[in-house]
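Trainee: Using the UniProt record's numbering, you'd call the opening residue of the sequence shown number 1 and step up by one each time. Before anything else, here's the structure in question.
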Amino acid sequence: MRQSSLVVVANRLPIDDSVAPDGACEWRRSPGGLVSALHPLLRHAPATWVGWAGGTGPAPNLPDVDGVRMRTVPLDQDDLRDHYEGFANATLWPLYHDSVEQPQHHRRWWEAYQRVNQRFAEATAEVAEPGAVVWVQDYHLHLVPGMLRAIRPDLRIGFFLHVPFPPPELFMQLPRRAELLRGMLGADLVGFQRAQAAHNFAQLVAKVLDLPATDRRIGIDGRVVRIGAFPVSIDTAEMAALAARPDVAARARRLRQDLGSPEHVILSVDRMDYTKGIEQRLKAYSELLVSGHVKVRDTVLVQVAVPSRERVGQYQILRERVEREVGRINGEFGRVGEPAIHYLTQPFDRAELAALYRVADVMAVTPLRDGMNLVAKEYVAARVDDAGALLLSEFAGAAAELPQAYLVNPHDLEGLKQGLLESLHAAPADVRARMRAMRAHLHEHDIRAWARSYLRALDETGALVDRLTST
Ligand code: ADP
Ligand code: G6P
């Protein structure tokens, strides 16, 4: 077994199998913020990524992806149902996102969560070289740091949560709250998107585990666990270069023509998830059509909503409701060849996404709650022309870094409608000034800066930081 000095552990591998038009199986980058953040970073690093390849068959042997070794962890039908769809995505995910859907609790799910976390810890222990740095990602794997430390105390272990970490009164609902906190404290560094999340974590650790905790340090078993905020970002330069490519600019012009050359294009790009505020946004748009503030001939909405977690009930219900509403709005307000909403559920490659970003006069990113939201950052990075208005929810982590966006509260329907109108009709000079400021921020605070700050806090020797972030 080949071992690595850096091991990333995430529920999902950065690639997904899919069927090519000729029927052959092909691998492509998985949609989702975690993969988007880490994939560009690890390219060409001597690292191993431990994760699940999707599906429930035996773990496939995957080739290296851009120099990164893939170590697959298999999930069987029961694991998929009880760990991934159950505890991770029907208990933790809704609870961590303000309980916008009701979290469910089943004892069987907890059994599966422990079992799968143990499997990930064992796979990681096999591929990590002595003294390696291991970086465990996200809410599917809260127990891995503790389990891994028990097997391999020589490792330097980091944990990073990509989603919000909830206030104590919500987290306290979890029947297994103490075990989850203790699992995370197996790490040397626990990172969050926002300082508020680190504060919530410290409060919970003090209350539930009765340990000495500040917003920066926690003492446990004679060790110090550091905690902190490390807002994740994107490969800004890569997105900007892609968006500036002549073929992408030409594709954007073509897309605009295909959309009927409207005066305004509003774009939204989401995983089909109830946290993303898709229904609220459709309602706001529909009410603006009814009141006549927006006319289909001048303004079109492009909604990209790639299906996600499709066997989880709450996601099935959401998809049905969204599709019914899109159908209703198009039926009522569209004309032949002129739909009010262009609704797309396909995954796109990065160049097509960049072209879509370039065509959007308003990018509507209005989640009810989101750890960060990388789509918002990708849009800003893609606007190399300094044009385009970002309409952004106050409840996305990105809002703290991009205060120049047109900020809205997506729970406030009237406010959302006002925000849409304001961003649609903003003076070009205002739009440009805001976009320029946001681009400057992302130029500095890109994915390498994120990795540098996290790994420097984790691996004080600095050796890894230099290797990973110098390219
Ligand atoms: P989340 O992590 O909840 O999925 P983010 O906005 O942080 O939300 O990240 C979503 C990522 O998935 C972005 O990098 C985005 O470009 C990508 N993505 C979203 N929709 C698609 C799609 N239809 N095709 C390809 N990539 C997509
Ligand atoms: C968010 C989560 C990731 C997850 C991604 C896609 O970004 O933070 O951990 O991988 O959504 O969701 P999926 O369930 O398809 O992995």
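Just so you know, even glycine gets a beta-carbon here, dropped at the ideal spot from N, CA and C.
1) Would you call the region 405 to 422 and the region 184 to 198 touching, i.e. three or more CB-CB distances under 8 Å?
2) Beta-carbon separation of Leu-391 and Ala-354 under 7 Å?
3) Do Asp-385 and Thr-236 have their C-beta atoms closer together than 7 Å?
4) If we count the other Cβ atoms within 10 Å of its Cβ and call it buried at 16 or more, is Gln-257 buried or exposed?
5) If you measure from the CB of residue 482, is any heavy atom of the ligand ADP nearer than 6 Å?
6) DSSP three-state call for Glu-111: helix, strand or coil?
7) Considering Cα atoms alone, identify which of Arg-2, Leu-344, Ala-229 and Lys-377 is closest to Asp-64.
8) Quick check: is any heavy atom of the ligand G6P less than 6 Å from the C-beta of Arg-309?
9) For my contact list, Ser-36 and Ala-132 are in at a C-beta cut-off of 8 Å; report their separation, rounded to the angstrom.
10) So, is Arg-119 buried or exposed, given that buried needs 16 or more other C-beta atoms within 10 angstroms?
11) Alpha carbon to alpha carbon, how far is Asp-66 from Lys-276? Give it in angstroms, no decimals.
12) If you follow the alpha helix (DSSP H) that Pro-166 is in, where does it begin and where does it stop?
13) Tell me whether the region 94 to 102 and the region 161 to 171 touch, counting them as touching only if at least three CB pairs, one residue from each stretch, are closer than 8 Å.
14) Rounded to whole angstroms, how far is the Cβ of Leu-267 from the Cβ of Leu-356, which I believe are closer than 8 Å?
15) Hey, does Leu-75 have any beta-carbon neighbour from chain C nearer than 7 Å?
16) Counting pairs of Cβ atoms below 8 Å between the region 84 to 91 and the region 104 to 111, do you hit three or more?
17) Where does Ser-30 fall in DSSP's three states?
18) If you check the beta carbons only, do Glu-122 and Gln-314 fall under 7 Å apart?
19) So, helix, strand or coil for Met-239, using DSSP?
20) With a threshold of 16 other CB atoms inside 10 Å of the CB of Glu-414, please say whether the residue is buried or exposed.
21) Quick check: does the Cβ of Pro-166 come within less than 6 Å of any heavy atom belonging to the ligand ADP?
22) Examine the Cβ distances between the region 133 to 140 and the region 148 to 163 and report whether three or more of them are shorter than 8 Å.
23) Taking the runs of the beta strand (DSSP E) that are 3 residues or longer, which of them lie wholly in the region 125 to 175?
24) Might you give, ordered along the chain, the residues of its own chain that have their beta carbon closer than 6 Å to the beta carbon of Asp-79, omitting 5 neighbours on each side?
25) In three-state DSSP terms, what is Val-19?
26) Please identify the residue among Ala-396, Asn-200 and Arg-223 whose C-alpha is closest to the C-alpha of Leu-185.
27) Kindly provide the ranges of any beta strand (DSSP E) runs that are 3 or more residues long and lie completely inside the region 292 to 371, ordered along the chain.
28) Less than 7 Å separating the beta-carbons of Ala-59 and Thr-48?
29) Please identify the residue among Ile-227, Ser-393, His-342 and Met-435 whose C-alpha is closest to the C-alpha of Ser-453.
30) Report the three-state DSSP secondary structure of His-264 (helix, strand or coil).
31) With distances taken from CA atoms, which of Val-205, Asp-215, Leu-344 and Phe-230 is nearest His-199?
32) For Leu-13, which of Met-70, Glu-332 and Gly-57 has the nearest alpha-carbon?
33) Taking the straight line between their C-alpha atoms, what separation do you get for Tyr-379 and Gly-337?
34) Could you check the C-alpha separation between Glu-401 and His-441 for me, to the nearest Å?
35) Given Gly-419, which residues of its chain have a CB within under 7 Å of its CB, disregarding the five upstream and five downstream residues?
36) Write down the C-beta distance between Val-269 and Val-359 rounded to the nearest angstrom, noting that I regard them as a contact closer than 8 Å.
Mentor: This is what the structure holds:
1) Contact between the region 405 to 422 and the region 184 to 198 is absent: fewer than 3 CB-CB pairs across the two stretches fall below 8 Å.
2) The answer is no: Cβ separation not under 7 Å.
3) No, the pair does not count as a contact, with Cβ atoms beyond the cut-off.
4) With fewer than 16 other Cβ atoms within 10 Å, it is exposed.
5) No statement about residue 482 is possible, as the shown extent of the chain runs from 1 to 471 and does not include it.
6) In the structure shown, Glu-111 sits in a helix (DSSP, three-state: H, G or I).
7) Looking at the Cα atoms, Arg-2 is the closest of the given residues.
8) True, at least one ligand heavy atom lies under 6 Å from that Cβ.
9) About 24 Å separates the two Cβ atoms, so there is no contact after all.
10) It counts as buried.
11) If you take the alpha carbons of Lys-276 and Asp-66, they lie about 31 Å apart.
12) Going by DSSP, Pro-166 is part of no alpha helix (DSSP H) at all; its letter is neither H nor E.
13) Yes, since at least three Cβ pairs between the region 94 to 102 and the region 161 to 171 fall closer than 8 Å, the two stretches touch.
14) Between Leu-356 and Leu-267 the Cβ distance is about 6 Å, and since that is below 8 Å, they are a contact.
15) Given the protein chain composition of this structure (a single chain), no chain C is represented.
16) Here the region 84 to 91 makes contact with the region 104 to 111; the two share three or more CB pairs at distances below 8 Å.
17) For Ser-30, the three-state secondary structure derived from DSSP is coil.
18) No, they are not a contact pair.
19) Under the three-state reduction of DSSP, Met-239 is assigned to helix.
20) It is exposed - the Cβ of Glu-414 has fewer than 16 other Cβ atoms within 10 Å.
21) No, the ligand ADP has no heavy atom inside 6 Å of this Cβ.
22) A contact exists between the region 133 to 140 and the region 148 to 163.
23) For the region 125 to 175, the continuous beta strand (DSSP E) assignments of 3+ residues that do not extend past its boundaries occur at 128 to 137 and 156 to 160, in sequence order.
24) Hits under 6 Å: Ala-112 and Val-116.
25) Because Val-19 carries a pLDDT of 48, less than 50, the predicted location of this residue cannot be relied on, and the following value inherits that uncertainty. DSSP places Val-19 in strand when its eight states are reduced to three.
26) Residue Arg-223 holds the alpha-carbon nearest to the alpha-carbon of Leu-185 among Ala-396, Asn-200 and Arg-223.
27) Segments of the beta strand (DSSP E) lying fully in the region 292 to 371: 299 to 306, 341 to 344 and 362 to 365.
28) Going by C-beta atoms, Ala-59 is not nearer than 7 Å to Thr-48.
29) Answer by Cα proximity: Ile-227.
30) In the structure shown, His-264 falls within a strand segment according to DSSP collapsed to helix, strand and coil.
31) The shortest CA-to-CA distance from His-199 to any of Val-205, Asp-215, Leu-344 and Phe-230 is the one to Asp-215.
32) Comparing Cα-Cα distances from Leu-13 to each of Met-70, Glu-332 and Gly-57, the minimum goes to Met-70.
33) Straight-line Cα distance between these residues: approximately 27 Å.
34) Distance between the alpha carbons of Glu-401 and His-441 is about 8 Å.
35) Excluding the 5 residues flanking it on each side, Gly-419 has same chain C-beta neighbours closer than 7 Å at Leu-391, Tyr-406 and Val-408, in chain order.
36) The pair is not a contact, with the Cβ atoms about 12 Å apart (cut-off 8 Å).
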